[in-house]
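In what follows, a single structure is set out as structure tokens and then discussed.
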Amino acid sequence: MATTTLRSVKSLVPLLDRVLVQRVKAEAKTASGIFLPESSVKELNEAKVLAVGPGGIDREGKRLPMGVSAGDRVLIPQYGGSPVKVGEEEYHLFRDSEILAKIKE
Amino acid sequence: MATTTLRSVKSLVPLLDRVLVQRVKAEAKTASGIFLPESSVKELNEAKVLAVGPGGIDREGKRLPMGVSAGDRVLIPQYGGSPVKVGEEEYHLFRDSEILAKIKE
Amino acid sequence: MATTTLRSVKSLVPLLDRVLVQRVKAEAKTASGIFLPESSVKELNEAKVLAVGPGGIDREGKRLPMGVSAGDRVLIPQYGGSPVKVGEEEYHLFRDSEILAKIKE
Amino acid sequence: MATTTLRSVKSLVPLLDRVLVQRVKAEAKTASGIFLPESSVKELNEAKVLAVGPGGIDREGKRLPMGVSAGDRVLIPQYGGSPVKVGEEEYHLFRDSEILAKIKE
Amino acid sequence: MATTTLRSVKSLVPLLDRVLVQRVKAEAKTASGIFLPESSVKELNEAKVLAVGPGGIDREGKRLPMGVSAGDRVLIPQYGGSPVKVGEEEYHLFRDSEILAKIKE
Amino acid sequence: MATTTLRSVKSLVPLLDRVLVQRVKAEAKTASGIFLPESSVKELNEAKVLAVGPGGIDREGKRLPMGVSAGDRVLIPQYGGSPVKVGEEEYHLFRDSEILAKIKE
Amino acid sequence: MATTTLRSVKSLVPLLDRVLVQRVKAEAKTASGIFLPESSVKELNEAKVLAVGPGGIDREGKRLPMGVSAGDRVLIPQYGGSPVKVGEEEYHLFRDSEILAKIKE
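Chains as they are written, first to last, in numbering that gives the first Met the number 0: chain A, 0 to 104; chain B, 0 to 104; chain C, 0 to 104; chain D, 0 to 104; chain E, 0 to 104; chain F, 0 to 104; chain G, 0 to 104.
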């Protein structure tokens, strides 16, 4: 886990085609309001995009467009990505092409 | 297994050349109507395409056409793909080029 | 083994540069007509092409021509390919470039 | 070993840049005519080219020329190639670029 | 660890797309001023860029622009990079594309 | 070790960018003329180029020039290359780009 | 270790993008002049460039420029490169792109 001294995740400006996301946290209580022990809470693969890089560079030096934007809800793969910790919160950096799908609800 | 809080799989919008499919379920009963125990039901490699991405991007930044469309019945490989769970149902995301064949019956 | 509910292998339409083949079965009896136990029957690497895809796509988006056609007898490699089962019969999907040779007799 | 029902190796028509060769057999007797037990006969890496494919296809769809022709004597690598058996004889299929050298004597 | 006789890290001029960085050191004391034993100090993944190369060269011989500049604060990956020691200080050389994000605070 | 029935190494005509070399043999005696047992003779990485291929083919079908010529003394890598035996002598085939340096003395 | 019969390292002419370097030797005595046993002398990653090749060849057959020149002091990676011994001295051949940085003091 990459640990930092940052005060705010807003200080992170992704480079190239990287996408900074935060996983949606699973509710730690049941529908009827009973709190679950932490081990029963499954990790979700939904995430919110916080910031995106300007795009990768192709062989002719042109920027490739990004597929996702800040604010998007996305489906992220189970493994991979670079974890980074700011304060007590955990975030991930993925490459744009690793994001599986957008979530539109 | 990627777990989500989505209410409907229709909220998933695949990116690039990804294809969202759902496996056809094997009948859990015999021709004569007798229900089989779950362990005797073989997993099928037929799937229905629910949604497709806009296509991958080639080196000149052009979209490559997709080989399959939503609604297609397809043959998927035995392994691979990214599983995703919505409610109690399981889906898979494959890359377009991983789909083996269309099924026309 | 990919299992399907297909009634006929003719429903399978290979995608891109894939080639659907069926292995030629070795005679399970000797020249003099004596039936051999199954373990003595060697698996042959001859196959008949049942269907071919439209061809892979190069970087400029053009279709690449296929080397084999439906009806061809071909030599297939010992390993590889994606097996698929339709009814009690087994078939394989190879990429066009994996087919070793045509057989003209 | 790929086994076939072919009556003649002449039925094999290599695809793309494949080269069908047969290894030169080492003499199983000494210069003075004494026959050697099979275990003393070393496998040679000389081979005769029996047939060649039309050449691989480059990214622009053009055929690449073959380096060897039917009838050439060639030096083949110790390992690799796809073995194929026709009757009691064994042959190999190599890619054109795997052939090490021609032998001109 | 690459060891050198250099008197100053300023003598190092990175080549191609390499980036010379120094990790930000974690405070070895608590907020209330109590010094921590070294084993409790976590390694941070923040770094300061000390010098950058002129950029990698693409296939046409053109320099590719660098994403970071000397003086930037950056997020570096947990693993990778080439460590180098000058005097008692440790530095790392990364490729430009390995730097995850800039830190703007 | 590739074994052959060749009478002369001059019969070997390397293909593409291959380079046929023979290692320089270490003197099996000391400066004062005392013969060393074979186990004390170190294998040298100097070699003489005996023949070179016409050059590899680039993607546009053009021949790439060779870096070494027949007659050159060269430095070869410790490992790699395809060994070939003609009579009692051993030779190696390397790719042109594997030759480390020419030796000009 | 590649061993040679060369009388002088000046006979070595690197090919393509190779760089011939010699590691800077660590002082085997302390500042106050006391000689250290060999095991206490750390291997340095500084090296002097003795000779460079003409540059690698790109896909269009053009030479790519070298990043370092004979006489440069450079930082070399801890591992890799091809070692070569001339007399009692040891040298290394690296590819131009493996050299980490120039040293300007």
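Quick reminder that beta carbons are idealized off the backbone N, C-alpha and C, glycines included.
Given the structure is predicted, the values throughout are model-derived calculations rather than measurements.
Practice task
Can you say whether P13(D) is buried or exposed, counting buried as having 16 or more other CB atoms within 10 angstroms of its CB?
Solution key: buried
Practice task
Run the CB neighbour count on S31(E), radius 10 Å, all protein chains shown included, and call it buried at 16 or more, exposed below.
Solution key: exposed
Exercise for the section: Use the C-beta contact count for E45(F): other C-beta atoms within 10 angstroms, 16 or more gives buried, fewer gives exposed. Expected result: buried
Handout entry: Cross-chain neighbours of K103(A) in chain B, by beta carbon under 7 Å
Key = S10 and V12
Exercise for the section: Only counting runs of 3 or more residues, tell me where the beta strand (DSSP E) segments fall wholly within the stretch 70-99 of chain B, in order along the chain. Expected result: 72-74, 81-85 and 88-94
Problem - Run of the beta strand (DSSP E) containing V8(C), from where it starts to where it stops - result: Where V8(C) is concerned, there is no enclosing beta strand (DSSP E), because DSSP gives it neither an H nor an E.
Handout entry: Simplified DSSP state of T2(E), which is helix, strand or coil
Key = strand
Problem - Cβ-Cβ separation, V51(G) to K101(G) (assumed contact under 8 Å), whole Å - result: Going by Cβ atoms, the distance from K101(G) to V51(G) rounds to 13 Å, so no, they are not a contact pair.
Exercise for the section: Quick one: grab the DSSP three-state call for V51(B). Expected result: strand
Handout entry: Separation of P53(E) from L63(E), as counted between CA atoms
Key = Their backbone Cα atoms lie some 8 Å apart in a straight line.
Practice task
To the nearest angstrom, report how far apart S96(B) and L43(A) are at their CA atoms.
Solution key: 27 Å
Exercise for the section: Tell me whether L15(G) sits in a helix, a strand or coil according to DSSP, three-state version. Expected result: coil
Practice task
State yes or no: is the beta carbon of R58(D) nearer than 8 Å to at least one beta carbon in chain C?
Solution key: yes
Exercise for the section: State the CB to CB distance for the pair D71(G) and V48(G), rounded to an integer number of angstroms; the pair is presumed to be in contact (CB under 8 Å). Expected result: A Cβ-Cβ separation of about 4 Å places D71(G) in contact with V48(G) under the 8 Å criterion.
Problem - Residues that S96(E) contacts on chain A, provided the C-beta gap is smaller than 7 Å - result: L15
Problem - Cβ-Cβ distance between V18(F) and L99(F) below 8 Å - result: no
Handout entry: Opposing strand residues paired with L43(G) [DSSP bridges]
Key = T2(E)
Handout entry: Beta carbon proximity, K47(A) to chain B, threshold 8 Å
Key = no
Exercise for the section: Can you tell me which of the three DSSP states V67(D) falls into? Expected result: Correct three-state label for V67(D): coil.
Practice task
Using a Cβ cut-off of 8 Å (strictly closer), state whether R6(E) contacts chain G.
Solution key: yes
Handout entry: Min CB distance S68(G) to chain F below 8 Å
Key = no
Practice task
Output yes if chain G places a C-beta closer than 8 Å to the C-beta of A100(F); else output no.
Solution key: yes
Practice task
Could you tell me which of G55(G), S7(G) and V23(G) sits nearest to D16(G), measuring between CA atoms?
Solution key: Checking every option, the nearest Cα to that of D16(G) belongs to G55(G).
Practice task
Give the DSSP-derived three-state secondary structure of K101(C) in the structure shown.
Solution key: strand
Practice task
Let me know if Y90(G) comes out buried or exposed under the rule of 16 or more other beta-carbons within 10 Å of its beta-carbon.
Solution key: buried
Practice task
Mind checking who V20(D) pairs with in its DSSP beta bridge?
Solution key: V48(D) and H91(D)
Problem - G60(F), buried or exposed, once every other Cβ within 10 Å from all chains shown has been counted against 16 - result: exposed
Exercise for the section: Please confirm if L19(A) has its CB atom under 8 Å from at least one CB of chain B. Expected result: L19(A) does not count as touching chain B.
Exercise for the section: Just tell me which of S81(C), Q77(C) and P82(C) has its CA closest to the CA of G80(D). Expected result: Q77(C)
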